[in-house]
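A.B. asks:
2 protein chains.
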Amino acid sequence: MSIVTCDLTVSLDGYAAGPNPTRERPFGDVVGTGEVLHSWMFDHAANHEDEIAGILDADAYVMGRGMFSPDTGPWDPAWRGWWGEEPPYRAPVFVLTHHAREPLEMGETTFTFVTDGLVEAMTRARLAAGERPVSVAGGTDLVNQCLRAGIVDELRIHVVPVVLAVPGGTRLFDGVGRLDLDPAGARWTPEVTHLTYRRRAD
Amino acid sequence: MSIVTCDLTVSLDGYAAGPNPTRERPFGDVVGTGEVLHSWMFDHAANHEDEIAGILDADAYVMGRGMFSPDTGPWDPAWRGWWGEEPPYRAPVFVLTHHAREPLEMGETTFTFVTDGLVEAMTRARLAAGERPVSVAGGTDLVNQCLRAGIVDELRIHVVPVVLAVPGGTRLFDGVGRLDLDPAGARWTPEVTHLTYRRRAD
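Quick mapping for you: the protein sequence lines, in order, are chains A and B. Take 1424 as the starting number for the first sequence in the numbering used here and just add one per residue. Take 1424 as the starting number for the second sequence in the numbering used here and just add one per residue.
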């Protein structure tokens, strides 16, 4: 069976985003948060080819509503995500939401909106991916929910060497509860330290 | 001039201790917290010789009151720390406190109680260490205070692969505010991942 992977970029103090994301500022209203966290993949891509390839190596994705849109309530059909007309996933993406919406085909990526909960979304992603990996694409709330449910086989944390101190932001591991993982890798670079953890075998 | 180092063992969610430390439970009232965090150095010492040697490589230490004693208020002279009659520091240790106390000589370690604040304690430690390293011995509150003050040259974080989820515990980087560091090392083992960061050059 395919494995479930998850990549998340966080600060030294565990933040993946600041508070109050909007359409204009997906990483919250503390100016520069998104840039500081993701400079490693945009400005230093050549130093991190394997890790970047890993993020996009899945054949299906599960995504939280907040990762697709900062809005709440029924969908604004004009909103088509943050990624332009050619999203980088190039695979089926199952977006968890309480509000139904027709599938959205954008380039090689199809966003399918799932209103039946995490298990249904994960099942559909697994069926779509076959033997290939399924990735939990974020946001952090969904990542934490999946960690709590014990369904992440490989967690790849990209730690940016900055203490962000953005209270009210979203933090990896918040609400996960006690969880033991198995370390499986660590690579440091000037821009970011890549840490790999695996689900502990029962 | 000597460098200022700091070693701290933390969980994946950044906790160095749980809430409500006591004489009997220095790492707080969530049973097992201290054991989970420090098993790597006590039960697997052979896998971590360099890191353990590094912790004790300083020629002087600065320590917070809470690391020497969980009590508050004036000293109980009967309390002589958690380390038995031969503390592992084997060097001068300057304990920051609001309450004066005569120096305490225990084996090769002398605890000197400093009531004039962090700068005074650090100055005395630097004078004692000469060209050799000074270490910030903890607890976490003092570590965070020193990070905020920008006086830690090398921060060595030992990350245990467990989400502890001990709300009210003490967390590395709490209250430090925005801080950029330079990664300088990463080594993973089954028990713990060792990360080294340096103070960013001005």
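All C-beta atoms in this analysis are idealised placements derived from N, C-alpha and C, irrespective of residue type, glycine included. These figures come from a predicted structure and were not determined experimentally.
1) Which residues share a DSSP beta bridge with Ile1426 (chain B)?
2) Bridge partners for Tyr1438 (chain B) per DSSP, in chain order?
3) Show which residues of chain A have a CB atom less than 9 angstroms away from the CB atom of Pro1606 (chain B).
4) Would you mind reading off the limits of the alpha helix (DSSP H) that contains Leu1570 (chain B)?
5) List the DSSP bridge partners of Asp1605 (chain B).
6) Using a Cβ-Cβ cut-off of 7 angstroms, state whether Leu1602 (chain B) counts as contacting chain A.
7) Return the residue from the list A:Gly1477, A:Tyr1438, A:Asn1567, A:Val1599 that minimises the CA-CA distance to Met1486 (chain A).
8) Take the Cβ of Gly1592 (chain A) as the centre, count every other Cβ of all protein chains shown within 10 Å, and call the residue buried at 16 or more, exposed below.
9) Residue range of the alpha helix (DSSP H) that Ala1483 (chain B) falls in?
10) Would you call the CB atoms of Val1615 (chain A) and Trp1505 (chain A) closer than 7 angstroms?
11) Mapping DSSP to helix, strand and coil, what is His1708 (chain B)?
12) Just to confirm the assignment, what range does the alpha helix (DSSP H) spanning His1461 (chain B) have?
13) So what does DSSP say about Phe1517 (chain A), is it helix, strand or coil?
14) Taking the alpha carbon of Arg1513 (chain A) as the reference point, which residue from A:Asp1539, A:Ala1481, A:Pro1526, A:Val1586 has its own alpha carbon closest?
15) Three-state secondary structure (DSSP) at Phe1450 (chain B)?
16) Between Gly1451 (chain A) and chain B, is there a C-beta pair that is closer than 7 angstroms?
17) Can Ala1552 (chain B) and Phe1517 (chain B) be called in contact, C-beta distance under 7 angstroms?
18) Per DSSP, Arg1549 (chain B) forms a beta bridge with which residues?
19) When DSSP labels each residue in this structure, what does Val1582 (chain B) get in the three-state scheme?
C.D. replies: By the coordinates alone:
1) Beta-bridge partners of Ile1426 (chain B) (DSSP): none assigned.
2) Checking the DSSP bridge columns, you'll see Tyr1438 (chain B) partnered with B:Arg1594.
3) Within 9 angstroms Cβ-Cβ: Val1582, Pro1584, Trp1611, Thr1612, Pro1613, Glu1614, Val1615, Thr1616.
4) 1563 to 1572 is the span of the alpha helix (DSSP H), which, as asked, contains Leu1570 (chain B).
5) For Asp1605 (chain B), which the question treats as bridged, DSSP gives the partners B:Arg1621.
6) With 7 angstroms as the cut-off, Leu1602 (chain B) counts as an interface residue toward chain A.
7) For the residues A:Gly1477, A:Tyr1438, A:Asn1567, A:Val1599, the minimum Cα distance to Met1486 (chain A) belongs to A:Asn1567.
8) The residue is buried, with at least 16 neighbouring Cβ atoms inside 10 Å.
9) Not the alpha helix (DSSP H): Ala1483 (chain B) falls in the beta strand (DSSP E), residues 1483 to 1487.
10) Between Val1615 (chain A) and Trp1505 (chain A), the C-beta spacing is not below 7 angstroms.
11) With chain B represented from 1424 up to 1625, any question about residue 1708 (chain B) goes unanswered, as that position is not in the structure.
12) Boundaries of the alpha helix (DSSP H) harbouring His1461 (chain B): 1456 to 1465, taken from the DSSP string.
13) DSSP places Phe1517 (chain A) in strand when its eight states are reduced to three.
14) It is A:Ala1481.
15) Phe1450 (chain B) falls in the coil class under three-state DSSP.
16) Closer than 7 angstroms: no.
17) It is not a contact, given that the beta carbons lie outside the stated cut-off.
18) None, per the DSSP bridge assignment.
19) Annotated three-state conformation of Val1582 (chain B) is strand, per DSSP.
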